[in-house]
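Asks: I am attaching a structure below and will ask some questions about it afterwards.
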Amino acid sequence: LFSNLPTIPPDEPFSVNAAYQEDTHPKKVNLGIGVYRTSEGNPWPLRVVEDAEKTIYEMKDHGRHEYLSIQGDQVFLRLAADLVFNFDSTTKDRERIASIQTVSGTGANRLGAEFLSRYIHPRPQNVWIPDPTWANHHTIWQLAGTSSSSSTPSIKIKTYPYYDSNTGGFNYNQTMKKLSSEAKENDIIILHACAHNPTGADPSIEQWENIAQLCKERHLIPFFDLAYQGFASGDVDKDGWAIRHFFQAGLEFCVAQSFSKNFGLYGQRVGALHVVTKAPSATITSTGHDKDPGTTEDVLATLCHLVRGEYSMAPRGGAEIVRTVLSNDGLRQKWVEDLRMMSSRILGMRRALFEELVRLGTPGDWTHILRQIGMFTYVGLSENQVAAIRERHHVYMLRSGRISISGLNESNVRRVAMGIDDVVRT
Ligand code: PMP
């Protein structure tokens with residue numbers, strides 16, 4: 011029965027984490043998995059999340075374990091959309107957005123991929139994924155829209171050259187060249203809204219404006235992955251800038267929103283998918299209905315249909331925490347303070363690693379560590395050097411040389427720098 015299954019390689023961040031757990035060396039360092047850690051190397055439930063949990067518990071709401079609707083918690087969804095698009099209470103812009111609660115950012119990516127693969131007309135030929143990217147984008151689009159009789163994805167996966175290893179930055183010229191010469195009408199383009207994973211290299215404002223223009227001219231469908239809003243810079247508006255710009259440019263697109271990192275709610279699976287449609291017009295159709303095809307209502311109904319057939323609805327516990335925080339001015343302020351604390355610790359560790367490498371005189375230019383932002387940096391080690399640093403120094407990172415800066419702290423940063431220095435020199 012099960013003899014013909016494909017051989018699936020282990021997921022790298024989780025397998026690196028498992029190897030780290032098994033290592034008995036007292037000074038081992040885990041820079042593999044993308045989770046926030048304190049200066050002592052421990053997980054950190056945000057203070058504001060603990061406050062919200064207490065508030066929720068004390069309310070003793072007898073309905074707190076009831077089913078949500080298929081769409082999810084609508085108050086949470088409105089607050090989540092307001093956070094992304096920075097809407098105020100009077101805006102009519104909200105009518106352009108169909109929002110649905112998802113099983114965190116992964117679930118939002120997956121649902122969006124399924125929706126676009128199955129229902130967009132004319133059907134997109136390609137999905138353009140940055141090279142490199144969060145590895146799960148490949149898995150998600152590989153699975154999207156496949157029928158049970160075929161494992162071939164209905165939309166071809168192609169990549170665009172995102173990273174320039176010479177500068178440690180976004181390869182704007184090559185990306186634009188590739189997309190403007192090869193992307194076809196209705197093709198989907200995956201964009202990391204901020205703090206690109208794994209490189210930490212983001213487009214500038216001007217580059218974002220030109221990407222939006224390109225999407226408009228060539229009728230591409232942008233798909234933003236928003237996993238680090240507020241976590242990247244400590245400022246939620248700054249980190250959401252690109253998405254708001256695309257919205258104002260009148261584009262139709264998707265946003266996969268995760269609350270794993272910015273609320274530290276990794277295992278609670280809190281997220282949302284927002285599908286932005288063009289502005290609704292009140293034309294009377296030939297059937298006499300005051301309704302355009304392709305409006306947010308239709309999009310939402312289709313998304314709900316997909317969710318109902320998958321898992322009925324997203325879990326409610328974590329979303330309730332986010333809703334409690336975002337709907338209360340005092341808690342919201344506290345959240346911003348927690349965000350700043352996490353992002354400034356990460357910035358501090360970037361600087362500390364850079365300074366240690368400079369102090370050691372490690373061959374190479376390490377300034378990209380300071381220029382890149384967010385949780386990750388492409389430190390610039392080869393696959394062999396990554397293997398060597400694990401073997402000789404018990405420092406764990408992904409094969410690509412991606413390190414999670416939040417695994418660094420005052421007690422281990424020198425050790426990590428010395429490890430890098432050693433493997434670079436040998
Ligand atoms: N997208 C990107 C780019 C990510 O880095 C992550 C987290 N590693 C996610 C999506 C999804 O995370 P989650 O499912 O925990 O929200």
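Position one of the sequence shown corresponds to residue 11 (UniProt numbering), numbered consecutively onward.
Note that the Cβ used here is the ideal one computed from N, Cα and C, for glycine as well.
(1) Rounded to whole angstroms, what's the CA-CA distance from residue 211 to residue 177? Just pull it up for me.
(2) What is the rounded straight-line gap between the Cα of residue 97 and the Cα of residue 107?
(3) Over the uninterrupted beta strand (DSSP E) stretch that includes residue 281, give me the two end residues.
(4) Quick one, which of 103, 54 and 251 has its alpha-carbon nearest residue 355's?
(5) Starting from residue 19, trace the beta strand (DSSP E) both ways and give me its first and last residue.
(6) DSSP three-state label for residue 7, please.
(7) From residue 380 to residue 109, what distance separates their C-alpha atoms?
(8) Among 123, 172 and 321, which has the Cα closest to the Cα of residue 166?
(9) Measure how close the beta-carbons of residue 328 and residue 280 come, nearest whole angstrom, since I'm counting them as under 8 angstroms.
(10) List in chain order: all unbroken alpha helix (DSSP H) runs of 4+ residues lying wholly within the region 311-343.
(11) Taking only the alpha-carbon atoms, compute the straight-line gap between residue 419 and residue 277 and give it to the nearest angstrom.
(12) Identify, in the order they occur along the chain, each residue of the same chain with its Cβ nearer than 6 angstroms to the Cβ of residue 268, setting aside the five sequence neighbours on each side.
(13) Taking 8 angstroms as the cut-off, is the C-beta of residue 46 nearer than that to any heavy atom in the ligand PMP?
(14) What are the boundary residues of the beta strand (DSSP E) that includes residue 218?
(15) Counting C-beta neighbours from all protein chains within 10 Å, is the total for residue 170 16 or more, i.e. buried, or is it exposed?
(16) For the ligand PMP, list every residue whose C-beta falls under 5 angstroms from any of its heavy atoms, going in chain order.
(17) Less than 9 angstroms between the beta carbons of residue 241 and residue 414, yes or no?
(18) Quick one: what's got a C-beta closer than 6 angstroms to residue 207's C-beta in the same chain, skipping five residues either side?
(19) Which residues in the same chain as residue 250 place their Cβ atom closer than 8 angstroms to its Cβ, once the five residues preceding and following it in sequence are excluded?
(20) Out of 32, 44, 434 and 48, state which residue places its alpha-carbon closest to the alpha-carbon of residue 422.
(21) Below 8 angstroms on the Cβ atoms is my guess for residue 410 versus residue 388; work out the distance and round it to an integer in Å.
(22) Find the nearest neighbour of residue 174 within the set 213, 146 and 197, judged by alpha-carbon distance.
(23) Hey, out of 146, 288 and 127, whose CA is closest to residue 22's CA?
(24) Ordered along the chain, which non-local residues of its own chain (more than five positions away) have a Cβ less than 7 angstroms from that of residue 112?
(25) Roughly how many whole angstroms lie between the Cα atoms of residue 233 and residue 260?
(26) Short check: CB of residue 334 to CB of residue 305, under 9 angstroms?
(27) Could you pull the start and end residues of the alpha helix (DSSP H) that residue 123 belongs to?
(28) Return yes when the Cβ of residue 37 is within less than 9 angstroms of the Cβ of residue 134, no when it is not.
(29) Are there 16 or more other CB atoms within 10 angstroms of the CB of residue 33, so buried, or fewer, so exposed?
(30) Does the contact criterion of 3 or more C-beta pairs under 8 angstroms hold for the region 216-234 versus the region 311-324?
(31) How many angstroms separate the CA atom of residue 365 from the CA atom of residue 431?
(32) Residue 198 lies in the beta strand (DSSP E); which residues open and close that run?
(33) Let me know the alpha helix (DSSP H) ranges lying completely inside the region 223-280, each 4 residues or longer, listed in chain order.
(34) Would you please state the rounded distance, in angstroms, between the beta carbons of residue 363 and residue 244? I believe it to be under 8 angstroms.
(35) Taking Cβ to Cβ, would you say residue 382 is nearer than 9 angstroms to residue 360?
(36) Can you name, in chain order, every residue of its own chain whose Cβ lies under 8 angstroms from the Cβ of residue 231, other than the five neighbours on each side?
Replies: So, from the listed chains and residues:
(1) The residue you call residue 211 lines up with position 201 of the sequence shown. The residue you call residue 177 lines up with position 167 of the sequence shown. Each residue's Cα considered, the two are about 10 angstroms apart.
(2) Along the sequence shown, read from residue 1 onward, the residue named residue 97 stands at position 87. Along the sequence shown, read from residue 1 onward, the residue named residue 107 stands at position 97. In a straight line, the C-alpha of residue 97 is about 11 angstroms away from that of residue 107.
(3) For the purposes of this step, residue 281 is identified with residue 271 of the sequence shown, where counting begins at 1. Counting along the chain, the beta strand (DSSP E) containing residue 281 begins and ends at 280-286.
(4) Residue 355 sits at position 345 when you count from the first residue of the sequence shown. It is 54.
(5) If you number the sequence shown from 1, residue 19 lands on position 9. That residue, residue 19, is in no beta strand (DSSP E); it is neither H nor E in DSSP.
(6) Residue 7 lies beyond the stretch modelled for the chain, which goes from 11 to 436, so this question has no answer here.
(7) Here residue 380 is taken as the residue at index 370 of the sequence shown, counted from 1. Here residue 109 is taken as the residue at index 99 of the sequence shown, counted from 1. Answer to the nearest angstrom: the Cα atoms are 36 angstroms apart.
(8) As a working mapping, residue 166 is identified with position 156 in the sequence shown. Taking only the C-alpha atoms, the option nearest residue 166 is 123.
(9) Here residue 328 refers to the residue found at position 318 of the sequence shown. Here residue 280 refers to the residue found at position 270 of the sequence shown. Right, their Cβ atoms sit about 4 angstroms apart.
(10) 327-336
(11) Here residue 419 refers to the residue found at position 409 when the sequence shown is read from its first residue. Here residue 277 refers to the residue found at position 267 when the sequence shown is read from its first residue. Answer to the nearest angstrom: the Cα atoms are 23 angstroms apart.
(12) Counted from its first residue, the sequence shown places residue 268 at position 258. Closer than 6 angstroms at Cβ, skipping near neighbours: 114, 115, 237 and 281.
(13) Position 36 of the sequence shown, counted from the first residue, corresponds to residue 46. The answer is no for residue 46.
(14) Reading the sequence shown from its first residue, position 208 is the one you call residue 218. Unbroken run through residue 218 is the alpha helix (DSSP H), 215-228; no beta strand (DSSP E).
(15) Locating residue 170 in the sequence shown gives position 160, counting from the first residue. Buried, since its Cβ has 16 or more Cβ neighbours within 10 Å.
(16) Those residues, listed in chain order, are 44, 114, 115, 116, 144, 207, 235, 237, 268 and 270.
(17) Numbered from 1 along the sequence shown, position 231 holds the residue referred to as residue 241. Numbered from 1 along the sequence shown, position 404 holds the residue referred to as residue 414. Note that the C-beta distance between residue 241 and residue 414 is not below 9 angstroms.
(18) The residue given as residue 207 occupies position 197 in the sequence shown. Excluding the 5 residues flanking it on each side, residue 207 has same chain C-beta neighbours closer than 6 angstroms at 144 and 386, in chain order.
(19) Residue 250 sits at position 240 when you count from the first residue of the sequence shown. Only 93, 94, 95, 96, 203, 204, 236 and 239 meet the Cβ criterion.
(20) Here residue 422 corresponds to residue number 412 of the sequence shown, with the count starting at 1. It is 48.
(21) Counted from its first residue, the sequence shown places residue 410 at position 400. Counted from its first residue, the sequence shown places residue 388 at position 378. Indeed, because the Cβ distance is near 7 angstroms, the residues count as touching under 8 angstroms.
(22) Along the sequence shown, one-based indexing puts residue 174 at 164. Nearest option by C-alpha distance: 213.
(23) By one-based count along the sequence shown, residue 22 stands at place 12. Ranking the options by Cα distance to residue 22, first place goes to 146.
(24) Numbered from 1 along the sequence shown, position 102 holds the residue referred to as residue 112. Within the same chain, residue 112 has close Cβ partners 118, 121, 281, 282, 283 and 324.
(25) Taking the first residue of the sequence shown as position 1, residue 233 is located at position 223. Taking the first residue of the sequence shown as position 1, residue 260 is located at position 250. Approximately 14 angstroms, taken between the alpha carbons.
(26) The residue you call residue 334 lines up with position 324 of the sequence shown. The residue you call residue 305 lines up with position 295 of the sequence shown. Cβ distance not < 9 angstroms, so residue 334 and residue 305 don't count as in contact.
(27) The residue you call residue 123 lines up with position 113 of the sequence shown. Counting along the chain, the alpha helix (DSSP H) containing residue 123 begins and ends at 114-129.
(28) The residue given as residue 134 occupies position 124 in the sequence shown. The residue given as residue 37 occupies position 27 in the sequence shown. No.
(29) Counting from 1 along the sequence shown, the entry for residue 33 is found at position 23. Per the 10 Å Cβ criterion, exposed.
(30) no
(31) Numbered from 1 along the sequence shown, position 355 holds the residue referred to as residue 365. Numbered from 1 along the sequence shown, position 421 holds the residue referred to as residue 431. Each residue's Cα considered, the two are about 12 angstroms apart.
(32) Along the sequence shown, read from residue 1 onward, the residue named residue 198 stands at position 188. That run of the beta strand (DSSP E) goes 198-202.
(33) 246-249 and 251-258
(34) Counting from one through the sequence shown, the residue named residue 363 turns up at place 353. Counting from one through the sequence shown, the residue named residue 244 turns up at place 234. Wrong, their Cβ atoms sit about 19 angstroms apart, outside the cutoff.
(35) The count along the sequence shown starts at 1 and reaches residue 382 at position 372. The count along the sequence shown starts at 1 and reaches residue 360 at position 350. In this structure, residue 360 lies closer than 9 angstroms to residue 382 by Cβ.
(36) By 1-based counting over the sequence shown, the position of residue 231 is 221. Once the five neighbours on either side are set aside, the close Cβ partners of residue 231 are 126, 130, 134, 196, 197, 198, 199, 225, 262, 263 and 264.
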